[in-house]
Every structure is written in C-alpha cells, then in structure tokens.
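Heads up: the protein sequence lines correspond to chains W and S, in order. Heads up: the first sequence begins at 0 in numbering that gives the first Met the number 0, then just goes up one per residue. Heads up: the second sequence begins at 0 in numbering that gives the first Met the number 0, then just goes up one per residue. These notes are about the structure you will find just below.
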Amino acid sequence: MRLNKNISWQGKYEKLVSGGLSDGVFPYKCVKDVLDFNQSLSYSVIFIDHLDPDFFIFFSSIKCIVTRKGSSLSHLSILAREYQISVIKVDFPVEIPLSGNINIDKENNILCLC
Amino acid sequence: MFMLAIKQKDSLKNAPLIEDEDFDEFIYQPTPLSGHLKDSIKMLYLNKVSPIKKNFFKKLLFQSSMLTYLKINHVVTFKKLKKIDDLIKLQTNNFSLANLEKSFLEVQNLLIDNNLSLSIFYLRNKTKIESNFIHAPFTFEEQSKLFLKMIQSDSSYIEKFKKQFGYYSMNNYELASRRFSEYSKTEILKLSKLTANLPMRIKKTDLDVLEQFVYNPVSDKEIYGNILVIRDMAKDISIRIIALLRRRVLEIANLHRIAEPFQCRWEELLEKENQK
Numbered sequence: 000m001r002l003n004k005n006i007s008w009q010g011k012y013e014k015l016v017s018g019g020l021s022d023g024v025f026p027y028k029c030v031k032d033v034l035d036f037n038q039s040l041s042y043s044v045i046f047i048d049h050l051d052p053d054f055f056i057f058f059s060s061i062k063c064i065v066t067r068k069g070s071s072l073s074h075l076s077i078l079a080r081e082y083q084i085s086v087i088k089v090d091f092p093v094e095i096p097l098s099g100n101i102n103i104d105k106e107n108n109i110l111c112l113c
Numbered sequence: 000m001f002m003l004a005i006k007q008k009d010s011l012k013n014a015p016l017i018e019d020e021d022f023d024e025f026i027y028q029p030t031p032l033s034g035h036l037k038d039s040i041k042m043l044y045l046n047k048v049s050p051i052k053k054n055f056f057k058k059l060l061f062q063s064s065m066l067t068y069l070k071i072n073h074v075v076t077f078k079k080l081k082k083i084d085d086l087i088k089l090q091t092n093n094f095s096l097a098n099l100e101k102s103f104l105e106v107q108n109l110l111i112d113n114n115l116s117l118s119i120f121y122l123r124n125k126t127k128i129e130s131n132f133i134h135a136p137f138t139f140e141e142q143s144k145l146f147l148k149m150i151q152s153d154s155s156y157i158e159k160f161k162k163q164f165g166y167y168s169m170n171n172y173e174l175a176s177r178r179f180s181e182y183s184k185t186e187i188l189k190l191s192k193l194t195a196n197l198p199m200r201i202k203k204t205d206l207d208v209l210e211q212f213v214y215n216p217v218s219d220k221e222i223y224g225n226i227l228v229i230r231d232m233a234k235d236i237s238i239r240i241i242a243l244l245r246r247r248v249l250e251i252a253n254l255h256r257i258a259e260p261f262q263c264r265w266e267e268l269l270e271k272e273n274q275k
C-alpha cells in the first residue's frame with residue numbers, strides 16, 4: 000500500500016456496522032478496558048483489539064469503533080447497530096500511537112492514521 | 000425447506016461465521032483454567048462446522064436444518080435453556096466442577112447452533128438488519144447498565160444490582176475475574192459513574208413487562224428477536240455457571256491451600272475435588 004507524506008499508516012477496512020459513519024478526520028484513542036473510559040471522553044473513535052461487550056459503556060461518547068477482531072454479529076456489533084455507532088474492522092498495527100487523528104475515506108473503505 | 004437451502008448453497012461461504020481469532024472475544028487473555036473452557040468451546044464449534052465446510056451434501060443438510068431451526072426448532076431450544084436456567088437457579092449448592100462444566104458445554108452447544116442460524120438469518124435479511132428495519136431485543140448487557148445508571152440517583156440500587164447482576168464481571172467468561180457481587184460499595188459506585196451519560200433505549204418500567212420471546216413467530220422481526228433472546232439467555236446462563244464454577248474453584252483452593260487456583264490445570268483441580 001502506498002502512503003502519502005502526512006499519513007503514518009493506512010489500511011482498507013471492513014464495515015461491520017454502518018451506524019452514522021461519515022468521511023472526515025476524527026480524534027481516536029486506543030483503549031484496553033473500561034478503566035480507560037475517563038481518558039477517552041473527548042475522542043469520537045476508539046481502537047480496540049476485539050469486540051468485548053464491556054465496551055458498551057463507551058457508547059456515551061463515541062461515534063465509531065475500530066477493531067482488529069470480530070464480526071457483524073458480535074454482541075457489541077448488535078448493540079452498536081441499535082445505538083447508531085459504526086464498527087469497522089481493520090488489521091491495524093500494534094505499535095500505532097495511543098491517540099491521534101484518523102481520516103476515514105468511506106467511498107474506498109480506507110482508514111488513515113494522520 | 001431443502002430446496003430453499005439448495006437455492007442458497009453459497010450463502011454459508013459468506014456467512015459471518017466465527018474465525019479462530021474471534022475466540023478472543025469469548026475470553027480475553029484467559030488464565031490456564033479458563034483456557035480449558037475456551038478450548039472446549041472451540042472444539043465443540045469446530046466439530047460442528049468443519050465437516051459442513053468440507054462436504055457439499057452436509058452443507059445442504061446443515062442449511063436446511065438451520066432454516067427449520069429458524070422457523071420452528073428454536074422454540075424447543077428456548078424451552079431447553081429455560082429448564083437449564085431453572086436447574087442452575089435452584090441447585091446452586093450441589094454442583095461439582097464436572098457437573099457445572101457439563102451444563103456449561105450443554106448451553107454452549109445450543110448457543111453455537113443458535114449462532115449459526117443467526118448467521119444464515121443475517122445473510123437473508125442483511126439489508127433489513129443493517130438499516131435497522133428490524134431491531135434487536137433489549138439485552139442483559141443493557142439491563143445491567145440500566146441498573147448501574149440508576150445507582151447514580153438512588154444508592155439502594157447497589158444491592159438490587161448485586162442481587163440481579165452480581166454474577167457478571169469484567170471479562171465475563173474469565174474464571175479469575177471478580178464478580179460484581181464481590182465488589183465493594185465504592186467499587187460499584189465507581190463503575191456506576193461510567194454509565195452516567197450512557198444513552199439507553201430501555202427504561203426501568205420496561206423491565207416490569209419484559210417478555211421478549213414470541214412462541215409462534217411469524218414475521219422476520221419476531222424470528223430475529225427470538226434468536227437474539229436465545230443468544231442473550233444462553234450467554235446469561237453461561238455467565239451464571241461461570242460464577243458458580245469460580246465459587247467452587249475458590250472453595251477447592253481454600254480447602255487444599257492452593258495459592259493461585261486459576262493458574263492450575265483443569266484436571267489438577269478435578270483431582271483435588273475428588274480427594275477426600
């Protein structure tokens with residue numbers, strides 16, 4: 000995959016739940032468990048390893064979940080669909096910065112870290 | 000039914016079936032003891048799915064059985080689960096590790112069939128589901144968070160929450176995870192604060208009349224609802240069993256002075272349990 004100058008990583012994602020996904024730049028935070036909740040309040044996107052139902056708590060502040068593992072029928076995906084939260088699956092690298100901005104290109108299903 | 004399955008012969012290929020890595024969702028970073036449960040379920044799942052993937056006729060038979068399940072047989076599964084649920088609720092003091100494991104795998108076996116049928120249903124009704132034309136019923140996850148949220152305005156809900164959802168925990172299927180019933184008041188309050196701004200599509204008044212299963216489902220909406228109610232119920236019973244298993248493991252550890260019981264192998268603990 001070819002990278003632009005201002006992009007540190009980009010990958011093609013699979014849309015698991017549409018929700019209100021839109022094009023644009025959004026602040027993201029990588030979270031490990033619910034205890035990271037208070038630190039993630041100002042981020043509209045969270046990066047998680049797998050779709051653990053415990054992350055339901057984050058629905059109060061986020062618009063989109065980026066996950067490495069899971070399916071459109073995972074428990075959290077089903078809940079996300081009801082609460083209009085987008086869920087996308089992409090094999091993002093483990094060593095990405097813990098927070099930053101992502102750019103979502105909905106037409107080509109591409110997610111960039113910028 | 001069989002003809003319908005033939006018409007959809009390729010559907011299984013596109014079904015959102017569980018992949019190997021998705022078992023992480025079940026228990027994240029399991030201890031050796033919980034790893035045993037994870038492996039048992041993985042084995043159950045693979046024993047069911049692998050032969051279907053390899054053989055065309057088995058695939059057709061499987062799909063036709065799944066369609067029958069969606070139309071009729073899931074009601075039988077619901078009744079079976081209700082029976083297990085009643086047994087678990089009644090006999091909480093008489094369970095051995097082996098018995099609890101047996102019940103757990105029985106529930107998981109039913110859950111796997113239900114999940115496979117859900118995959119087939121999803122493929123046939125993807126647009127309706129994705130566009131929220133048909134909705135999921137209220138889940139135990141939402142109900143438990145509703146109770147947590149209510150603690151904010153009424154602290155008497157701490158006890159109600161512990162009574163109703165005390166067997167839940169973080170990383171629910173991990174035996175080493177402390178159950179909410181073991182949490183202190185301060186810990187529950189801390190947890191409750193996280194739910195302060197959580198949007199809910201369920202109200203307290205909904206819980207009083209919460210009967211979500213339809214015994215004679217006709218529409219896709221009713222079938223989808225039923226399949227998800229079964230899934231949620233099976234998960235709830237499984238977590239109840241996990242809490243009982245945890246209690247039993249701690250009892251054995253106490254009796255035999257085992258410092259880190261969750262790091263033991265399953266067979267080791269079974270042996271200890273059977274020692275007089």
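Glycine residues also receive a C-beta, built at the ideal position from the N, C-alpha and C atoms. Remember, predicted model here, so these are calculated numbers, not experimental data.
Proximity of residue i and residue j at Cβ, strictly below 9 Å
{"i": "I56/W", "j": "F36/W", "result": "yes"}
{"i": "A233/S", "j": "V74/S", "result": "no"}
{"i": "P50/S", "j": "C263/S", "result": "no"}
{"i": "E173/S", "j": "Y27/S", "result": "yes"}
{"i": "L96/S", "j": "L269/S", "result": "yes"}
{"i": "I64/W", "j": "Y42/W", "result": "no"}
{"i": "R80/W", "j": "A135/S", "result": "yes"}
{"i": "L195/S", "j": "K148/S", "result": "The residue asked about is misnamed: residue 195/S is Ala in this sequence, not Leu. Yes, Cβ-Cβ distance for A195/S and K148/S is below 9 Å."}
{"i": "F91/W", "j": "L78/W", "result": "no"}
{"i": "I103/W", "j": "L15/W", "result": "no"}
Beta bridge counterpart(s) of residue i as assigned by DSSP
{"i": "Y27/W", "result": "V44/W, G99/W"}
{"i": "C111/W", "result": "Q9/W, N102/W"}
{"i": "H35/S", "result": "Looking at the DSSP assignment, H35/S forms no beta bridge with any residue, so it has no partner."}
{"i": "I251/S", "result": "Beta-bridge pairing links I251/S to no other residue."}
{"i": "H49/W", "result": "K68/W"}
{"i": "V86/W", "result": "V16/W, I64/W"}
{"i": "S168/S", "result": "R178/S"}
Cβ distance (whole Å) where residue i is taken to contact residue j below 8 Å
{"i": "R247/S", "j": "F94/S", "result": "7 Å"}
{"i": "V33/W", "j": "L193/S", "result": "6 Å"}
{"i": "S76/W", "j": "S70/W", "result": "7 Å"}
{"i": "I87/S", "j": "I240/S", "result": "6 Å"}
{"i": "F120/S", "j": "Y44/S", "result": "The pair is not a contact, with the Cβ atoms about 18 Å apart (cut-off 8 Å)."}
{"i": "L72/W", "j": "S130/S", "result": "Not confirmed; about 16 Å, so no contact."}
{"i": "F77/S", "j": "I229/S", "result": "5 Å"}
{"i": "K11/W", "j": "I109/W", "result": "6 Å"}
Where residue i sits in the DSSP three-state scheme
{"i": "R178/S", "result": "strand"}
{"i": "T126/S", "result": "helix"}
{"i": "L20/W", "result": "coil"}
{"i": "K202/S", "result": "coil"}
{"i": "V74/S", "result": "helix"}
{"i": "Y68/S", "result": "helix"}
{"i": "A242/S", "result": "helix"}
{"i": "S154/S", "result": "coil"}
{"i": "I56/W", "result": "helix"}
{"i": "S49/S", "result": "helix"}
{"i": "S93/S", "result": "As written in the sequence, residue 93/S is Asn, which differs from the Ser given in the question. Coil, per DSSP."}
{"i": "L117/S", "result": "helix"}
{"i": "R256/S", "result": "coil"}
Three-pair Cβ contact test at 8 Å for the stretch 196-212 of chain S versus the stretch 59-68 of chain S: Contact between the stretch 196-212 of chain S and the stretch 59-68 of chain S is absent, with fewer than three C-beta pairs closer than 8 Å.
Touching by the beta-carbon criterion (3+ pairs, under 8 Å), the stretch 251-261 of chain S and the stretch 143-155 of chain S: With the cut-off at 8 Å, the stretch 251-261 of chain S and the stretch 143-155 of chain S do not touch.
Touching by the beta-carbon criterion (3+ pairs, under 8 Å), the stretch 170-180 of chain S and the stretch 36-46 of chain W: They do not touch, by the three-pair rule.
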